Each structure stands twice: as C-alpha cells, then as structure tokens.
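So the structure is just underneath, and the comments pick up after that.
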Amino acid sequence: MSPVLAGFLQLLALIGVLALVYIPFGGYMARVYTSPKHLRAEKWIYRGIGANPDAEMTWPAYLRGVLAFSAVSVLFLYLLQRFQGMLPGSLGFSSVSPAQSFNTAVSFVTNTNWQSYYGEQTMGHVVQTAGLAVQNFVSAAVGMAVAVALVRGFARSRTGELGNFWADLVRGTVRILLPVAAVAAVLLVAAGAIQNFSGIHEVGQFMGGSQQWNGGAVASQEAIKELGTNGGGYFNANSSHPFENPTALTNLLEIFLILVIPFCLTRTFGVLVGSVKQGYAILATMATIWVGFTLLMMAAEFSHHGPALQAAGGAMEGKETRFGVGGSAIFSVATTLTSTGAVDSFHSSFTGLGGGITMLGMMLGEIAPGGVGSGLYGMLIMAVIAVFIAGLMVGRTPEYLGKKIGGREMKLAACYILVTPTLVLVLTAASMALPTPPHSMLNPGAHGFSEVLYAFTSASNNNGSAFAGLNANTDWFNTMTGLAMLFGRFLPMVFVLALAGSLAGQRPVPATTGTLRTDKPLFTGLLIGAILIVTGLTYFPALALGPLAEGLA
451 MSPVLAGFLQ LLALIGVLAL VYIPFGGYMA RVYTSPKHLR AEKWIYRGIG ANPDAEMTWP
511 AYLRGVLAFS AVSVLFLYLL QRFQGMLPGS LGFSSVSPAQ SFNTAVSFVT NTNWQSYYGE
571 QTMGHVVQTA GLAVQNFVSA AVGMAVAVAL VRGFARSRTG ELGNFWADLV RGTVRILLPV
631 AAVAAVLLVA AGAIQNFSGI HEVGQFMGGS QQWNGGAVAS QEAIKELGTN GGGYFNANSS
691 HPFENPTALT NLLEIFLILV IPFCLTRTFG VLVGSVKQGY AILATMATIW VGFTLLMMAA
751 EFSHHGPALQ AAGGAMEGKE TRFGVGGSAI FSVATTLTST GAVDSFHSSF TGLGGGITML
811 GMMLGEIAPG GVGSGLYGML IMAVIAVFIA GLMVGRTPEY LGKKIGGREM KLAACYILVT
871 PTLVLVLTAA SMALPTPPHS MLNPGAHGFS EVLYAFTSAS NNNGSAFAGL NANTDWFNTM
931 TGLAMLFGRF LPMVFVLALA GSLAGQRPVP ATTGTLRTDK PLFTGLLIGA ILIVTGLTYF
991 PALALGPLAE GLA
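Everything in the sequence shown is counted per the numbering used here, starting at 451 for the first residue and increasing by one.
In structure tokens form, the structure reads like this:
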C-alpha cells in the first residue's frame, strides 16, 4: 500500500468514527448541562467548595467564578513546583525555578500546556499527577463551561442569567471528561502505553554511555491530554514517544480524542438553541476547514522534490516511521486547528509550506473545530461577525438566532478577535527587535523568524505546541509566553461572557422573509469567507516573512 493511500484511508476512518458518535455524544453533553439532578459525588464537591449549584449567575458573577478558580489553580500549581524537592515521588528532581514554575502553572491552567522543559527530567510523579493531570481536566471543563454560557445567551431571552459556573465546571469534569478519559486510558494501556509509578532506570549501553528512562502514570495523562485538547506530554518527545503513543492505531485514537468533543459540541449547541440545523451549519464550517487544511498538509508533505523524498515517500525528516507522513499530517492539523498542542512529529522539520499551515491553523483562532469549548465560542463569535457583514451587504439590521447584533455586540466581538493578533504580532516584533531574545533561535533567516512567530502564536492562542527549534527556557520567553497565555485565555472569555449577557437580556426577534437563514449552505460559505478574510489576512505579512518566504525559496 502506498503511503498516500494509507494516509487517505486513515483520514476516511477518522471521519467515519467521528460521524458515528456525533449525534449520541453531542446529545449526551446537552443533557449533562440541562439536567436538574446532581450526582452524589457532585454534591460532595459542592459542599466541599461551598457552592450552591442551583443559583443562577449573571455574566459578571460567572466571570468572577472563572477568574477566581483559575487564579487559585495557578497559585497551587506554582507552589507545587516550587516545593517539588521536598515532596515524595519527586524522583530526585529539584524544585523548579520561579520563572519556569510561573510559565508552567499559567500554561496548564490556561489549557495551553506549553512546555519549556524536558518532562522526564524535570517533573516528578506528584507534580505530574496531582498538578498537571488535574489541570488537564479542570482547564478543559472551564472552556466548556464558558461555551455553554454563551449558548445559553443565545437560547434565553429577557434575563441576565447564564447558569451556574460551579455546576457547569463540575458536571463537565465528572460526567464528560472523567468517564471518557478512563476508557481511553484503558485502551492506551492495552495498546502498549505505560501506566506505573516506577523510578528512573538505566537501560543498555549506547555510544559508550547508558540511557535513563523513567516511568509514570502516562496512559491516564495521555488520555485527558488529548481529550481535553491540552497537549502537555509526559515526555519531551510528546506523542512521538513510544511510551505515550506506541502504534499507528493509538495515533489514530489520539487524533479521535482531540477532535471528538469540539466537533460534537456543535450538536450540543444545536440541541440547546432548539435547532439542530444551526448546529449542522457550524459543524459544516468546521469540517470544511479541517478537511481542507488536512488535504493541503498532505499535499505539502507528500510532495516529492528530490531522490531522498521520493525514496521515503514524502518529507520524513522529524517524523516517526510508526506513523508515516499521512498520520503525522493528520495529527499536526488536528493539534493546531484545536488548542491541543500535542505533536507526534516535529513541526520545525515540516516543509516550509507545511509549517505555515500549522501556524495558519492557530492564527484562525483554532475554531475548526478548536479546543473543548473555546472552539465553539470562537466560531460563534465569527458567526456574529459574518451575520453583521451580511447585514451591511443587504442594508438590514443583522440578526443571529433571533437576537439582534447591534453596536454593543459588535464591539465585544471585535475586541475578541483583536486580542490574539495583538499579542502575537507585538510580542514577536519585540523579540526580534531586542538584542537578547533572537539568540534563542536555532536557525537564521526565515526559519528562525518562524520559530519565534510560532512560539507566540502557540502561546497566545493557548495551543502549546512548539516549532522545536527555539530555546524558550529563558527569562524573556518564560515571562512573555506566560503573559501571552494569560491574556490570550482570559481576555477573550471576558468578551464572550459579556456578549452572552447582552444576548440573554434581549427580546427574541421573529424571523421574516428578509432574515438571513443561518442554517443553509450559503451561510456556511459566508462564514468560511469571513474567517479567512477577517482573521487569516491579519497575519499575512508575518507569514510572508517566515514560512511563505521559506516555502517559496
């Protein structure tokens, strides 16, 4: 079987499995967030944190819950790393430095999972399981809660209430993430991923020296790392490490875990707003962009330019032979069009155009299908903008899902889409202009610029993947990427929840013959065009200096 055919068969199998679970899983998540009942375990949690799960919240109260919970999480994870040397199960590792502790704490709490350290040489068992793995669950649940709050803003009218943050957080964790991650972890262990608390072992003799391996609760962390679109690897090699991702079958399973919640949330959205066709329209937009990017990536990486690539069947540098070009291309698009950041190959070794595709996927806002929760609310923001553009074209007041899109709503949507480009472009420019940061670049010229651009694109969009050619473990990059992750995560949430509150307070507007049908293919095409024009072209000059210059050289 040719590598190209194998890649396309993997893509078709993935689409088939996602289609199979779309309706039941999306409907289940809708029932989770609308159920009037609380599980016994959930009641214990509510008592422990002193929360009333039945009390409705306005958007400022909901936002305070998000920010307070995240702030406590950052502080806890920071202190856990700073005191690692005194904790049991530290594997002899010392405490993490202040700058790196701050960067890592912010990274995992913001669902970014950017890592400027070697996981197997820095973090012990306690920090990995009680710190990083816990944040993999709850940071994902926070994103889902904010998305559900925005959907309630569209579904409700003449009220300022968006639900209860604590109930949404706990339900997303207990009823969705925990059970699915448990099943996925068992499947990974059965396929060869490790799950233990062993220490460090010296294995064999290599080039006159020994190699050290350490174990860990890898399969359980790998499962939620992908399911929650987190991305932080137990090992530095991330999902290209055989302990995390042993076979081509587990590679496909991990891609499925990355995509399943973001895609199925569109069904949840359709059920909650009372029109599954609206969910299908959002799904069609996400799927079209995802499939298009995947095919472009395959074309870029399978292109045969020279005898070496012809013999390998594609650009194999930096890719695992277990997965090949096809599996690596699908994984790279899935991880950069979501907020996952996990890698099974090294994006710095991709072709110039292939590396540009990974960056563009993040620059679009990671909305196709995006992170758990963040992908849905990012796409709905773009839908609001697309409706506004359409209203200007025909001279009508724009409406979406029975709500008028006025000046206040557009200001909030505009602020949302301006946050990440500002962070990416300003911090990249500062890094290139100052004397010290460019010393972290492994390569000169366009590729070196791409390393810095990729780093801030990844951090600001809460992705977490790296171009694998930048020394980011410096005070500058630890601090600046940490701030980029904080502002890139929570500033957009402020605008999303404010928009949800504004929409929930409106009276529903009845549809007329002049109302734009947002459940038709025409709207899907308009939405795709708005995404590519409004957000994609923002970054075109920066892309022209980096991956485009390299790819066309």
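Beta carbons are placed, not taken as given, at the ideal position from N, Cα and C, and that holds for glycine.
Given the structure is predicted, the values throughout are model-derived calculations rather than measurements.
Under DSSP, the alpha helix (DSSP H) around LEU537 begins and ends at which residues? First-last for LEU537: undefined, no H or E at that position.
When you compare the CB positions of GLY979 and ALA836, do they come within less than 9 Å of one another, or not? yes
Quick one, which of GLU770, VAL793, ALA818 has its alpha-carbon nearest LEU787's? ALA818
How would you label ASP504, buried or exposed, when you count the other beta carbons within 10 angstroms and need 16 or more for buried? exposed
Less than 9 Å between the C-beta atoms of ALA863 and ILE839, yes or no? no
Hey, could you find the ends of the alpha helix (DSSP H) ASP969 is sitting in? Unbroken run through ASP969: none, as it is neither H nor E.
In three-state terms, what does DSSP make of TYR568? coil
Whole-number beta carbon distance between LEU677 and ALA631, since they are thought to touch under 8 Å: 5 Å
Need the endpoints of the alpha helix (DSSP H) that GLU901 sits in, please. 895 to 910
With burial defined as no fewer than 16 other Cβ atoms inside 10 Å of the residue's Cβ, what is the status of TYR568: buried or exposed? exposed
C-alpha gap between GLN956 and GLY845, whole angstroms: 22 Å
Start-to-end residues for the alpha helix (DSSP H) that takes in ILE473: 453 to 484
Check whether the segment 604 to 611 and the segment 947 to 967 touch, using three or more Cβ-Cβ pairs below 8 Å as the test. yes
SER545 CB to nearest chain C CB: under 9 Å? Among the chains in the structure shown there is no chain C, since it carries only a single protein chain.
Using 8 Å for Cβ pairs, my map puts PRO538 next to VAL576. What's the rounded Cβ distance? 7 Å
Where does SER795 fall in DSSP's three states? strand
With burial defined as no fewer than 16 other Cβ atoms inside 10 Å of the residue's Cβ, what is the status of LYS727: buried or exposed? exposed
For the segment 706 to 718 against the segment 805 to 824, do three or more pairs of beta-carbon atoms, one drawn from each stretch, fall closer than 8 Å, so that the two count as touching? yes
What's the call for ALA948, buried or exposed, on a 16-neighbour Cβ count within 10 Å? buried
Out of GLU704, THR886, GLY852, which has the shortest C-alpha to C-alpha gap to ALA673? GLU704
Less than 6 Å between C-beta atoms, sequence neighbours within five positions excluded: which residues of the same chain meet that for HIS620? Looking at the sequence shown, residue 620 is not His but Val. Excluding positions up to five away in sequence, the list reads GLU492, ILE495.
Roughly how many angstroms lie between the CA atoms of ALA993 and LYS861, to the nearest whole one? Looking at the sequence provided, one finds Leu at residue 993 rather than Ala. Looking at the two C-alpha atoms, the distance is approximately 27 Å.
Where does GLY500 land, buried or exposed, given buried means 16+ other C-beta within 10 angstroms? exposed
Looking at PHE587: is its Cβ nearer than 9 Å to the Cβ of LEU628? yes
Can the beta-carbon of ALA669 be found less than 9 Å from the beta-carbon of ALA698? no
What does a CB cutoff of less than 8 Å around VAL783 pick up in its chain, not counting 5 residues either side in sequence? TRP740, PHE743, THR744, MET747, ILE807, THR808, GLY811
So what's HIS651 in DSSP terms, helix, strand or just coil? strand
Any contact between the segment 970 to 989 and the segment 594 to 607? By contact I mean 3 or more CB pairs, one from each, below 8 Å. no
For SER520, which residues of its own chain have a beta-carbon under 6 Å away from its beta-carbon, when the five flanking residues on both sides are left out? VAL559
How should VAL524 be labelled, buried or exposed, when 16 other C-beta atoms within 10 angstroms of its C-beta is the threshold for buried? buried
Would you check if there are 3 or more beta carbon pairs closer than 8 Å linking the segment 904 to 914 to the segment 931 to 944? yes
Boundaries of the alpha helix (DSSP H) in which ILE711 is found, first to last residue: 698 to 722
Which residues DSSP lists as bridging TRP663, in chain order: HIS651
Reduced DSSP category for MET891 - H, G, I as helix; E, B as strand; rest coil: strand
Below 8 Å on the Cβ atoms is my guess for SER566 versus ASN923; work out the distance and round it to an integer in Å. 4 Å
Do you know whose CA, among THR562, ASP925, THR962, lies nearest THR847's CA? THR962
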